[in-house]
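Visitor:
Number of protein chains: 2
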Amino acid sequence: MSSVGNHEPGHSEVCVEDTKFLEHFRMLSTFGATAGGGVDRQAGSEADGEQRAWFTQLLTENGFTASFDQIGNQFGLLELEAGRPYVVVGSHLDSQPTAGRYDGAYGVLAAAHAAFRLAAEWQASGVTPRYNLAVVNWFNEEGSRFKPSMMGSSVYTGKMTLDSALATTDPAGVTVREALEFTNTLGEGTGPQAAYCAEIHIEQGRSMERDGIAIGVVDSNWAANKYEFVVHGEQAHTGSTVIADRHDDLLGASLLVAAAREIADHFPDGAVHTSVGQLDVYPNSPVVVPSRVNLLLDLRSADESLLQEADRMLHERLEQIERSAQVKIEKASSHCWPVTPYQTEGVALAEKIAANRGVSHARVKTLAGHDSTNMKDIVPTVMLFVPSVEGISHNEHEYTTDQDIVTGLHVLTDVVRSLCEGELDRQ
Amino acid sequence: MSSVGNHEPGHSEVCVEDTKFLEHFRMLSTFGATAGGGVDRQAGSEADGEQRAWFTQLLTENGFTASFDQIGNQFGLLELEAGRPYVVVGSHLDSQPTAGRYDGAYGVLAAAHAAFRLAAEWQASGVTPRYNLAVVNWFNEEGSRFKPSMMGSSVYTGKMTLDSALATTDPAGVTVREALEFTNTLGEGTGPQAAYCAEIHIEQGRSMERDGIAIGVVDSNWAANKYEFVVHGEQAHTGSTVIADRHDDLLGASLLVAAAREIADHFPDGAVHTSVGQLDVYPNSPVVVPSRVNLLLDLRSADESLLQEADRMLHERLEQIERSAQVKIEKASSHCWPVTPYQTEGVALAEKIAANRGVSHARVKTLAGHDSTNMKDIVPTVMLFVPSVEGISHNEHEYTTDQDIVTGLHVLTDVVRSLCEGELDRQ
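Keeping their order, the protein sequence lines are chains W and D. When you read off a place in the first sequence, starting at 1, and then add 19, the result is the number in our numbering. When you read off a place in the second sequence, starting at 1, and then add 19, the result is the number in our numbering.
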C-alpha cells in the first residue's frame with residue numbers, strides 16, 4: 020500500500036478542488052457498488068444508466084453541454100469558439116461484472132475535473148485557447164456484456180460500423196440499441212470532431228509501484244493475438260460411454276487452457292502473457308460429456324517476434340490436442356494487432372509536464388486495450404497511467420492511493436491545457 | 020447398425036401389438052423433437068408437460084387410472100384387487116437438453132405396452148394375479164435442469180425429502196414445485212405401494228452390441244464417487260496482470276479436467292471411467308482472469324478397490340494443482356455409492372425368461388444410475404438392458420434397432436407377468 024516517490028513537491032497539501040474531486044470519486048463509486056467493495060455496472064445496465072445520468076448533471080452544473088452520440092458515447096462540451104475542433108479527454112464509466120472502482124471511472128472523472136479547472140482558469144484569465152474541449156465517457160469499453168470491447172471508441176474512430184454495434188446482442192438477446200434506449204442514453208450524430216485526445220488510467224500492473232513511479236507515459240501498446248476457438252466433440256454419457264469412444268471437447272478445451280499457460284511460462288521474464296477469460300460449455304449437464312466448448316484465448320507481448328513464436332507454439336498445440344482428445348478445434352474468429360506507438364510528440368509533452376511538476380515518471384507500455392489506443396490512430400493522443408497497488412485489476416480490490424489519483428489529475432490538467440493551447444501544433 | 024444374434028426364434032414376424040408399440044414410440048419421439056433427430060424435454064419443461072399429458076391419455080385409453088404423486092411421478096394403475104401392493108414397472112420420459120429418443124422413454128413405453136398386454140391377457144383368461152400393476156414415469160431422472168438426478172424415485176424411496184425436492188431450483192431460479200405446477204403434473208400422495216419393480220433401458224455402452232447380446236440382465240451397478248469442486252482464484256486482468264501474480268482458477272479447473280482423464284488412462288481395459296460434464300466460470304468475461312469455477316467430476320468403476328486407488332490419485336492431484344495454479348480447490352459436495360447388487364432371484368428370473376424365449380442374454384453392470392438402482396434398495400427389482408448401436412448415448416444419434424426394442428418389450432412382458440403372478444414370492 021506504499022506510494023513511495025509519488026509526492027509532488029510543493030503539493031503535499033490537498034487543495035479544495037482536489038478534495039471535491041475525491042468526494043466525487045467516492046460518490047461515483049456508489050453506482051453499482053458491490054458488497055466486496057467494488058462495482059458492477061456493465062455497459063447499458065441500470066447502474067450504468069444511473070451513473071451516466073449523474074455524470075450529465077455534473078457536466079451541466081459545471082457549464083458543459085452534455086449529450087450522447089449515436090452509439091451512446093457521452094460528451095460534455097465546452098465550445099469556446101464555434102467550429103473549432105476539440106481536445107477530447109476521458110475514458111469509460113462501464114465496468115466488468117465484479118470490478119474495481121478505478122478502471123475507467125477514474126479517467127472519466129479526472130478528465131471532467133481537469134476540464135472544469137481549465138474552464139474556470141480561461142474564464143478568469145480571459146484567454147481563449149485554440150481548441151474547444153470535450154470530456155468523454157466512451158460506451159462499452161469493457162466488452163463483458165456486449166462484445167467486442169472498446170465499442171464506443173471503435174464506432175467513433177470508424178473501426179466498427181454503427182449498425183453492427185447497435186445490433187450486437189448480450190447473452191440474453193438484448194441488443195445494444197435496446198440497452199441504450201433502456202438507459203435513455205441513445206443520442207444522435209457522431210460527437211465532436213477531435214484534434215487531440217488524452218486519457219488517464221490506472222496501470223493495472225505493478226511495474227510503476229515497484230519502480231516508485233507516479234506517472235507512466237504510455238509510448239506504445241503490446242501486440243496481441245486474440246482468438247475465439249470452438250472445440251467440437253460429441254455428446255456422450257459421462258458414466259457409461261467407454262473412455263476410448265469419447266470425443267470430449269471439455270478435455271480438449273482444458274488442454275488448450277493449460278497449453279496457453281505453458282506457452283507463457285516458456286518465455287522468460289514475463290515477456291509473453293496468455294489467458295483464457297471466457298469459456299462456455301454445451302450442454303453443460305452433470306452426466307453428459309459435452310459436445311461444444313467456446314473459449315477466448317489471448318496471447319500478448321511487447322515484442323512482436325516473441326508473439327509470433329508463441330503463436331506458432333499455440334498452433335502446434337492445437338493439432339496435438341485435436342489428436343489426443345479426439346476433437347476438432349475451429350478458429351471461429353481472430354483479432355490481432357501489432358505494437359503501435361503513441362505519437363512521440365505527445366509522449367515528450369507529457370514527460371516535460373511531469374518533470375516541470377517534479378513528478379517521478381517513466382515511459383511504460385499498455386498491455387490492455389484502451390479507448391486511447393483507438394483514438395491514437397486518428398489524432399495525436401497522450402495516454403497517462405497512475406500506479407495500481409499490487410497491480411490488482413478487474414477485481415473488487417483494485418486500489419490506487421488518493422495521492423496518486425490527485426497527482427494524475429494535476430498532470431492530466433496540464434497536458435490538456437497544453438493540447439488546448441496548441442502546444443503540439445507548433446511541432 | 021447390425022443386430023447380429025438378436026433374433027428371437029419364432030418371432031421374426033412383428034405382430035400387430037408390436038407395430039402399435041413402434042408407432043407409439045415414433046409418436047412419443049415427436050415431443051421436444053430437435054432438428055438433429057433427438058429430443059429436448061428436460062424435467063418440468065413445456066415438452067415434458069406435453070408428453071406427460073399424452074401419456075395420461077394413452078394410459079386412460081387402455082383402462083389404466085392415471086395420476087401424479089406429490090413429486091410429479093406419473094403412475095398408470097391397474098388395480099385388480101383392492102389393497103394389494105403393486106408391481107411397479109417403468110422408467111422416465113424426461114431427457115437431457117439435446118438427447119436421444121431412447122433413454123428412459125423406451126422403458127416407459129415398453130412398460131406401458133407390457134402392462135396393456137398383460138391386462139388384456141388376464142381379462143381374457145379370467146386370471147387375477149397376486150399383485151396389482153403400476154406403470155411409472157419417474158420425475159426428473161436426468162437431473163440436467165434440477166439437480167440431483169433420479170429425483171422422483173429418490174423421493175418415492177425416501178432417499179430425498181419431498182420438501183427439499185420441491186424447493187430445488189433450476190439456473191433461472193424456477194423451483195421444482197413451480198415447474199410441476201406449470202406442467203400441471205403436481206399431484207398428491209406417495210403413489211402406489213411397491214412389492215416388486217422392473218425397468219428396461221438402453222445399455223448406453225457398446226458391450227452388448229460387441230458381444231451380440233439382445234438382453235442384458237443387470238446384476239449390479241458400478242461404484243461411483245461424484246464430486247462438486249469449486250476452484251477459487253482471484254479476478255485479474257487477462258492482459259496486464261503479470262503471470263506470476265495470477266491465481267487463475269480456470270487454469271486450475273482445466274488441470275483438474277486433464278487430471279481426471281489421466282487417471283482413467285492409468286487403469287487398463289477401461290476399468291475406471293472419469294468425467295467432467297458441467298463447468299461454470301465466473302465472471303466469464305473476455306478480459307478477466309476468472310475468480311471461481313464450479314465443476315462436477317465423476318470417478319466410476321465396477322471394482323471398488325480400483326475406485327479407491329483412483330480417488331487417492333485424484334486427491335493427490337488436487338494438492339499439486341493448488342500449488343501449480345496458485346488456487347484453492349474446495350470440495351463443495353460429494354455423493355459416493357458402492358457396487359450394489361440387484362437381487363439374485365430377479366437376475367435368475369430374467370435369465371430363465373430370456374432363455375425360454377431363446378433370446379441371447381448375459382449379465383451386465385450398469386455404469387449409469389437409474390431409477391431402478393433406487394428401487395432395488397426397497398423391493399426386489401429386475402433391470403434389463405437392450406443394446407445401444409455404437410454405444411452412443413446422451414446424444415441425438417442414440418439408436419437401438421426396432422427389432423431389439425421389440426425383443427426387450429417381449430422379455431419385459433414376461434418378467435412383469437412372472438412378478439405379478441408371484442413367481443418370486445415362492446423363493
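No residue lacks a Cβ here, since even glycine has one placed at the ideal position from N, Cα and C.
Kindly say whether W:A277, judged by its beta-carbon, lies nearer than 7 Å to any beta-carbon of chain D.
Guide: For this step, residue 277 of chain W is matched to residue 258 along the first sequence. Yes, because at least one Cβ of chain D sits closer than 7 Å to the Cβ of W:A277.
Visitor: Could you check which residue in W:H354, W:G145 and W:Q93 has the C-alpha nearest to that of W:E207?
Guide: Your numbering for residue 207 of chain W matches position 188 in the first sequence. For the residues W:H354, W:G145 and W:Q93, the minimum Cα distance to W:E207 belongs to W:Q93.
Visitor: Where does D:T38 sit, in a helix, a strand or coil, going by DSSP?
Guide: Numbered from its first residue, the second sequence carries residue 38 of chain D at position 19. The answer is helix: DSSP assigns D:T38 an H, G or I state.
Visitor: Please list, in chain order, the chain D residues whose beta carbon lies closer than 9 Å to that of W:A387.
Guide: Your numbering for residue 387 of chain W matches position 368 in the first sequence. Those within 9 Å of W:A387 in chain D are H256, T257, G258, S259 and V306.
Visitor: What beta strand (DSSP E) runs, 3 residues minimum, are completely inside the stretch 123-181 of chain W?
Guide: Fully enclosed beta strand (DSSP E) runs of 3 or longer: 151-156.
Visitor: Give the residues from the stretch 106-125 of chain W that approach chain D closer than 7 Å (Cβ to any Cβ), ordered along the chain.
Guide: Answer set for the stretch 106-125 of chain W: Q115, P116 and T117.
Visitor: Cα separation between D:R205 and D:L185?
Guide: By one-based count along the second sequence, residue 205 of chain D stands at place 186. By one-based count along the second sequence, residue 185 of chain D stands at place 166. Contrary to the premise, residue 205 of chain D reads as Leu rather than Arg in this sequence. The straight-line gap from Cα to Cα measures roughly 10 Å.
Visitor: Kindly identify the DSSP beta-bridge partner or partners of D:E349.
Guide: For the purposes of this step, residue 349 of chain D is taken as the residue at position 330 of the second sequence. BP columns for D:E349 point to D:V249.
Visitor: Taking the alpha-carbon positions, what's the W:P190 to W:A54 distance?
Guide: Taking the first residue of the first sequence as position 1, residue 190 of chain W is located at position 171. Taking the first residue of the first sequence as position 1, residue 54 of chain W is located at position 35. One C-alpha to the other measures close to 25 Å.
Visitor: Taking a cut of 9 Å between CB atoms, which residues from the stretch 285-304 of chain W lie near chain D?
Guide: Answer in chain order: G289, V291, H292, T293, S294, V295, G296, Q297, L298, D299, V300, Y301, P302, N303 and S304.
Visitor: Is the CB of W:N436 under 7 Å away from at least one CB in chain D?
Guide: Here residue 436 of chain W is taken as the residue at index 417 of the first sequence, counted from 1. A small correction: the amino acid at residue 436 of chain W is Arg; Asn does not occupy that position in the sequence shown. Judged by the 7 Å Cβ criterion, W:R436 is not in contact with chain D.
Visitor: Considering only residues of the stretch 331-409 of chain D, which uninterrupted alpha helix (DSSP H) runs meet the minimum length of 4 residues and lie entirely inside it, listed in chain order?
Guide: DSSP runs (the alpha helix (DSSP H)) wholly in the stretch 331-409 of chain D: 363-376 and 390-394.
Visitor: Spell out whether any CB of chain W is found under 7 Å from the CB atom of D:H413.
Guide: Counted from its first residue, the second sequence places residue 413 of chain D at position 394. Output row for D:H413: interface = yes.
Visitor: Please name the residue, chosen from W:V435, W:C34 and W:I411, that lies closest to D:T257 on a Cα-to-Cα basis.
Guide: Taking the first residue of the second sequence as 1, we reach residue 257 of chain D at position 238. Considering only alpha carbons, the answer is W:I411.
Visitor: With a CB to CB cut of under 6 Å and the five nearest residues on each side skipped, what residues in its chain are close to W:V127?
Guide: One-based indexing of the first sequence puts residue 127 of chain W at position 108. Cβ neighbours of W:V127 beyond the five flanking positions: G109, S110, L112 and N156.
Visitor: Any idea what DSSP makes of D:F201, helix, strand or coil?
Guide: Taking the first residue of the second sequence as 1, we reach residue 201 of chain D at position 182. Three-state result, D:F201: helix.
Visitor: Under a Cβ-count criterion, where at least 16 other Cβ atoms within 10 Å of its own Cβ denotes burial, should D:M46 be classed as buried or exposed?
Guide: In the second sequence, counting from the first residue as 1, residue 46 of chain D sits at position 27. By the 10 Å Cβ count, D:M46 comes out exposed.
Visitor: Excluding sequence positions up to five away, which residues of its chain have a Cβ less than 6 Å from the Cβ of W:V366?
Guide: Here residue 366 of chain W refers to the residue found at position 347 of the first sequence. V236 and D238.
Visitor: Looking at the structure shown, is D:M20 part of a helix, part of a strand, or coil, going by DSSP?
Guide: The residue you call residue 20 of chain D lines up with position 1 of the second sequence. Because the pLDDT at D:M20 is just 34, under 50, the model does not fix this residue reliably, and the value given afterwards should be weighed accordingly. Correct three-state label for D:M20: coil.
Visitor: Going along the stretch 218-234 of chain W in order, which residues come within less than 9 Å of chain D, judged by CB to CB distance?
Guide: Per Cβ criterion, the list reads E222, Q223, G224, R225 and S226.
Visitor: Please determine if the stretch 318-334 of chain W and the stretch 222-237 of chain W are in contact, where contact requires at least 3 C-beta pairs separated by less than 8 Å.
Guide: Contact fails: fewer than three Cβ-Cβ distances are below 8 Å.
Visitor: Can you find the residues in the same chain that come closer than 6 Å, C-beta to C-beta, to D:T79, ignoring five residues on each side of it along the sequence?
Guide: Along the second sequence, one-based indexing puts residue 79 of chain D at 60. Contacts found: A85.
Visitor: Could you round the C-beta distance between D:T432 and D:N240 to whole angstroms and report it? I think they count as a contact, below 8 Å.
Guide: Taking the second sequence and counting its residues from 1, one reaches residue 432 of chain D at position 413. Taking the second sequence and counting its residues from 1, one reaches residue 240 of chain D at position 221. Wrong, their Cβ atoms sit about 24 Å apart, outside the cutoff.
Visitor: Would you list, in chain order, the members of the stretch 155-181 of chain D that have their beta-carbon closer than 9 Å to a beta-carbon of chain W?
Guide: The residues in question are E161, G162, S163, R164, K166, P167 and S168.
Visitor: So that I know if they touch, is there some Cβ in chain W lying closer than 7 Å to that of D:L316?
Guide: Position 297 of the second sequence, counting from 1, holds the residue named residue 316 of chain D. Not closer than 7 Å to any Cβ of chain W, the Cβ of D:L316 fails to qualify, so no.
Visitor: Run down chain C in chain order and give the residues with a C-beta less than 7 Å from the C-beta of D:L368.
Guide: Annotation note: the requested chain C is absent from the structure, which comprises protein chains W and D.
Visitor: Are the CB atoms of W:P309 and W:L275 within a distance shorter than 7 Å?
Guide: Translated into the one-based positions of the first sequence, residue 275 of chain W becomes position 256. Translated into the one-based positions of the first sequence, residue 309 of chain W becomes position 290. In this structure, W:P309 does not lie closer than 7 Å to W:L275 by Cβ.
Visitor: Quick one: is D:S86 near chain W, going by C-beta distance under 7 Å?
Guide: Position 67 of the second sequence, counted from the first residue, corresponds to residue 86 of chain D. Judged by the 7 Å Cβ criterion, D:S86 is not in contact with chain W.
Visitor: Thinking C-beta only, is D:V434 closer than 7 Å to D:A217?
Guide: As a first step, residue 217 of chain D is located in the second sequence; it is residue number 198 there, counting from the start. As a first step, residue 434 of chain D is located in the second sequence; it is residue number 415 there, counting from the start. A contact, by the Cβ cut-off of 7 Å.
Visitor: Which value, in whole angstroms, describes the spacing of the CA atoms of W:D267 and W:F135?
Guide: In the first sequence, the residue the question calls residue 267 of chain W occupies position 248. In the first sequence, the residue the question calls residue 135 of chain W occupies position 116. Whole-angstrom Cα-Cα distance: 58 Å.
Visitor: Does the CB of D:I262 have a neighbour CB from chain W at under 7 Å?
Guide: Mapped onto the second sequence, residue 262 of chain D falls at position 243. So yes, D:I262 belongs to the interface.
Visitor: Any beta carbon from chain D within less than 7 Å of W:R376's own beta carbon?
Guide: As a working note, residue 376 of chain W is residue 357 in the first sequence. Cβ-Cβ to chain D under 7 Å: no for W:R376.
Visitor: Between D:E228 and D:P406, which are expected to be in contact by the criterion C-beta below 8 Å, what is the C-beta distance as a whole number of angstroms?
Guide: What you label residue 228 of chain D is simply residue 209 of the second sequence in a count that begins at 1. What you label residue 406 of chain D is simply residue 387 of the second sequence in a count that begins at 1. With a Cβ gap of about 5 Å, D:E228 and D:P406 count as contacting.
Visitor: Do D:V106 and D:Y175 have their CB atoms nearer than 7 Å?
Guide: Against the second sequence, residue 106 of chain D aligns to sequence position 87. Against the second sequence, residue 175 of chain D aligns to sequence position 156. Their beta carbons are not under 7 Å apart, which means D:V106 does not touch D:Y175 by this criterion.
Visitor: So what's D:F74 in DSSP terms, helix, strand or just coil?
Guide: Here residue 74 of chain D refers to the residue found at position 55 when the second sequence is read from its first residue. Helix at D:F74.
Visitor: Work out the CA separation of W:N393 and W:E341 for me, nearest whole Å.
Guide: Counted from its first residue, the first sequence places residue 341 of chain W at position 322. Counted from its first residue, the first sequence places residue 393 of chain W at position 374. When rounded, the distance between both Cα atoms is 36 Å.
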